[in-house]
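Colleague: Every number in our numbering is 13 more than the matching position in the sequence shown, counting from 1.
Idealized CB from N, CA, C, for every residue including glycine.
Since we're looking at a predicted model, the values are computed, not measured.
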Amino acid sequence: MEKARPLWANPLQFVFACISYAVGLGNVWRFPYLCQMYGGGSFLVPYIIMLIVEGMPLLHLELAVGQRMRQGSIGAWRTISPYLSGVGIASVVVSFFLSMYYNVINAWAFWYLFHSFQDPLPWSVCPLNDNRTGYEEECEKASSTQYFWYRKTLNISPSIQESGALQWEPALCLILAWLVVYLCILRGTESTGKVVYFTASLPYCVLIIYLVRGLTLHGATNGLVYMFTPKVEQLANPKAWINAATQIFFSLGLGFGSLIAFASYNEPSSNCQKHAVLVSLINSCTSIFASVVTFSIYGFKATFNYENCLSKVILLLTNSFDLEDGFLTASNLEEVKDYLASTFPDKYGEVLPQLKNCSLEAELDTAVQGTGLAFIVYTEAIKNMEVSQLWSVLYFLMLLMLGIGSMLGNTAAILTPLTDSEFLSSRLPQEAISGLVCLLNCAMGLLFTLEAGNYWFDIFNDYAATLSLLLIVLVEIVAVCYVYGLRRFESDLEAMTGRPLNWYWKAMWAGVSPLLIVSLFIFYLSDYILTGTLQYQAWDAAQGQLVTKDYPTYALAVIGLLVASSTMCIPLVALGTFLTRRFKKGDAAPVA
14 MEKARPLWAN PLQFVFACIS YAVGLGNVWR FPYLCQMYGG GSFLVPYIIM LIVEGMPLLH
74 LELAVGQRMR QGSIGAWRTI SPYLSGVGIA SVVVSFFLSM YYNVINAWAF WYLFHSFQDP
134 LPWSVCPLND NRTGYEEECE KASSTQYFWY RKTLNISPSI QESGALQWEP ALCLILAWLV
194 VYLCILRGTE STGKVVYFTA SLPYCVLIIY LVRGLTLHGA TNGLVYMFTP KVEQLANPKA
254 WINAATQIFF SLGLGFGSLI AFASYNEPSS NCQKHAVLVS LINSCTSIFA SVVTFSIYGF
314 KATFNYENCL SKVILLLTNS FDLEDGFLTA SNLEEVKDYL ASTFPDKYGE VLPQLKNCSL
374 EAELDTAVQG TGLAFIVYTE AIKNMEVSQL WSVLYFLMLL MLGIGSMLGN TAAILTPLTD
434 SEFLSSRLPQ EAISGLVCLL NCAMGLLFTL EAGNYWFDIF NDYAATLSLL LIVLVEIVAV
494 CYVYGLRRFE SDLEAMTGRP LNWYWKAMWA GVSPLLIVSL FIFYLSDYIL TGTLQYQAWD
554 AAQGQLVTKD YPTYALAVIG LLVASSTMCI PLVALGTFLT RRFKKGDAAP VA
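So this is what it looks like as structure tokens:
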């Protein structure tokens, strides 16, 4: 007797699960960076267009496939065609790679959260040197927030070749992060369905609190003006459009199999079209909302640094030229500097090297994304706020909820095909399967807690999923439209939901979306392969800054293996299925 498939308790649980999965760290730390890089308000034009022609259609496709086939990614694509089982396997492989390194971010968030209760915050001041006669030289050359990140958190090695020792404190935080994930997925949709209410809603509460606080900070308007001032010339920049497309693509989590897994637990009559539109809009609105919060904080940080720089210049000139206190101010600084340079050229030339060039525009132009934005820029701003411990606790709780919500989707993409398998489900309970997956991921994730672990984190983050997901989703669209048949799929959806498929979805699936993905695929191939040597950013303790280095040969081999291990699943499984069927057919043929 076939085991009844578990279902979400109600449609709201499913929507919350999708939102919790889709709305993640990329909304908070990559979208604001792209706005900063590609014209502020102008970037919203390509972003919204790509949402319409790429994001919504592809999300609807995956939700519809999961709801129709009622299986995880492997079973769903095998049902469409036995030759397509490799598509589901490729999704599981990519999700496994993602889970390996993504939960490390949650470990770092736990680490910072635990340190957020100290007064003062440990990243707010540089530590004393061994002689206690001054501050650590590395910290003085960099900054207290950079020092805490690179030295205290990562204890980073000078290069990827120097692996170094396991850092036990981040390793313990990683074990804790995996324990939390395991408890959340312990009983499948029964436990996950309850957790997602919390992981999906708490980040919004924190963002609203941060928005109110951010808008009251001195200099917040500088950041908001910078964000919303459009640079129309960026609309002619093809990279702005390409990055808008990739942001939509990866922010929604397409191709991992998570959305197919979630939708497979839906009632067959659920309105997957409405869900696709709703989740897409909420995800994109969250990115814009998070950018407003980020740029208000960013404006405060930039203004604080700018005014601090001005104060130092004013103090230096006042002392060097015996000026009266209060004579030199920020408003007349440039005028007085010109006067001193012309009146006392020799003396001015002596102090000139000590004068730092203060520029608010330069501070705002400093573009940072990823871990640099989350663990350096934000902490730089937080340390200068009143009651900084409170804001630090709220911020890292938000990061944890975003990260754990995404991890629930990542692990569902792995676990659903495994629990769908009769071979495994008949031998092991669901709790044991979930535990083994978490244990294996955690053990392999310890690689990222080595002294060189952050370099390997960047490799997995940059190369484990990008090209693979583009190929996976391209094959998914071709499979639905031209293997299974768009008319047949349209009939299935109408029979399930009682609603005919709109022309918009058919036009996007059959032509616009696949052409767009092919264009992205060509761009990434040219960017990653044809542009020359692949490089990474290494921390130079002596200079207190990042330096560019070339990847060693074995790191390039790992990059190639990461890409090949998932993408090659598709043709190899198809070939294996073809040969197996042909072999069986040959065995069944009568002997002459």
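Indicate the three-state DSSP secondary structure (helix, strand or coil) for T342 in the structure shown.
Modeller: In the structure shown, T342 sits in coil (DSSP, three-state: anything other than H, G, I, E or B).
Colleague: Going by beta carbon distance, what residues of the same chain come within less than 7 Å of N397, once the five residues before and after it are set aside?
Modeller: Contacts found: F317.
Colleague: State the beta-bridge partners of Q558 as determined by DSSP.
Modeller: D553.
Colleague: Rounded to whole angstroms, what's the CA-CA distance from L428 to S481? Just pull it up for me.
Modeller: Their backbone Cα atoms lie some 20 Å apart in a straight line.
Colleague: With DSSP collapsed to three states, give me the class of Q159.
Modeller: Three-state result, Q159: helix.
Colleague: If you measure between the beta carbons of V493 and F502, is that distance less than 7 Å?
Modeller: Yes, the pair counts as a contact, with Cβ atoms nearer than the cut-off.
Colleague: Alpha carbon to alpha carbon, what distance is there between A249 and S108?
Modeller: Approximately 35 Å, taken between the alpha carbons.
Colleague: From the DSSP output, read off the bridge partner residues of Q548.
Modeller: Answer by DSSP bridge pairing, in chain order: D563.
Colleague: CA-CA distance, I32 and N296?
Modeller: Their Cα atoms are separated by approximately 7 Å.
Colleague: Taking T384 as the reference, which of S214, M420 and Y115 has the closest Cα?
Modeller: The candidate whose alpha carbon is nearest that of T384 is Y115.
Colleague: Quick check: what's the CA-CA separation for F357 versus E348?
Modeller: C-alpha separation (whole angstroms): 14 Å.
Colleague: Note down the Cα distance separating W162 from F388, rounded to an integer number of angstroms.
Modeller: Near 7 Å, if we compare the C-alpha coordinates of F388 and W162.
Colleague: With a threshold of 16 other CB atoms inside 10 Å of the CB of V496, please say whether the residue is buried or exposed.
Modeller: V496 comes out exposed.
Colleague: Look up Y148 in the DSSP assignment and say whether it is helix, strand or coil.
Modeller: Y148 falls in the strand class under three-state DSSP.
Colleague: With a 10 Å radius around its C-beta and 16 neighbouring C-beta atoms as the bar for buried, classify R594 as buried or exposed.
Modeller: It is exposed - the Cβ of R594 has fewer than 16 other Cβ atoms within 10 Å.
Colleague: Just to confirm before moving on: does the CB-CB distance between Q159 and N168 stay below 7 Å?
Modeller: It is not a contact, given that the beta carbons lie outside the stated cut-off.
Colleague: Can you tell me where the alpha helix (DSSP H) with D335 in it begins and where it stops?
Modeller: Where D335 is concerned, there is no enclosing alpha helix (DSSP H), given that its DSSP letter is neither H nor E.
Colleague: Between the alpha carbons of K519 and V36, how many angstroms are there, rounded?
Modeller: Between K519 and V36, the C-alpha separation is close to 26 Å.
Colleague: Using the C-alpha atoms, what's the distance from F211 back to V66?
Modeller: Cα-Cα distance, rounded: 31 Å.
Colleague: Measure the alpha-carbon distance for L407 versus V219 and round it to whole angstroms.
Modeller: In a straight line, the C-alpha of L407 is about 6 Å away from that of V219.
Colleague: Kindly indicate which three-state DSSP category L463 falls into: helix, strand or coil?
Modeller: Here L463 sits in strand by DSSP.
Colleague: Quick check on the burial criterion: 16 or more other C-beta atoms within 10 angstroms. Buried or exposed for E393?
Modeller: So E393 ends up on the buried side.
Colleague: Mark L449 as exposed unless 16 or more other C-beta atoms lie within 10 angstroms of its C-beta, in which case mark it buried.
Modeller: So L449 counts as exposed.
Colleague: Got a sec? Which residues, its chain only, sit under 7 Å from I446 by beta carbon, not counting five neighbours each side?
Modeller: Answer for I446: L428, L431, T432 and L437, listed in chain order.
Colleague: Just checking my contact of G53 with F241 at CB under 8 Å: how many whole Å lie between their CB atoms?
Modeller: Correct: roughly 6 Å between the Cβ atoms.
Colleague: Does DSSP classify L179 as helix, strand or coil?
Modeller: If DSSP states are grouped into helix, strand and coil, L179 belongs with the strands.
Colleague: Three Cβ pairs or more, each shorter than 8 Å: is that satisfied between the segment 227-242 and the segment 303-315?
Modeller: Taking 8 Å as the limit for Cβ pairs, the verdict is that the segment 303-315 does touch the segment 227-242.
Colleague: Should C285 go down as buried or exposed, given a rule of 16 or more other Cβ atoms within 10 Å for buried?
Modeller: Per the 10 Å Cβ criterion, buried.
Colleague: Compare the C-alpha of S264 against each of Q556, Y34, S176 and S282 and name the closest.
Modeller: Residue Y34 is the option with its Cα nearest to S264.
Colleague: Quick one: give me the first and last residue of the alpha helix (DSSP H) that V390 is part of.
Modeller: Here V390 belongs to no alpha helix (DSSP H), and DSSP marks it neither H nor E.
Colleague: DSSP on L230, reduced to helix/strand/coil?
Modeller: Here L230 sits in coil by DSSP.
Colleague: For I248, which beta-bridge partners are listed by DSSP?
Modeller: According to the sequence as given, residue 248 is Leu; it is not Ile. Note: L248 sits in no beta bridge, so no partner.
Colleague: Run the CB neighbour count on F591, radius 10 Å, all protein chains shown included, and call it buried at 16 or more, exposed below.
Modeller: Answer is exposed; the Cβ neighbour count stays below 16.
Colleague: With DSSP run on the structure shown, which of helix, strand or coil describes L407?
Modeller: DSSP places L407 in helix when its eight states are reduced to three.
Colleague: Considering only the beta carbon of each residue, do A465 and E151 sit closer than 7 Å?
Modeller: No. Outside cutoff.
Colleague: Does the distance from the C-beta atom of S333 to that of V364 stay below 7 Å?
Modeller: Yes, the pair counts as a contact, with Cβ atoms nearer than the cut-off.
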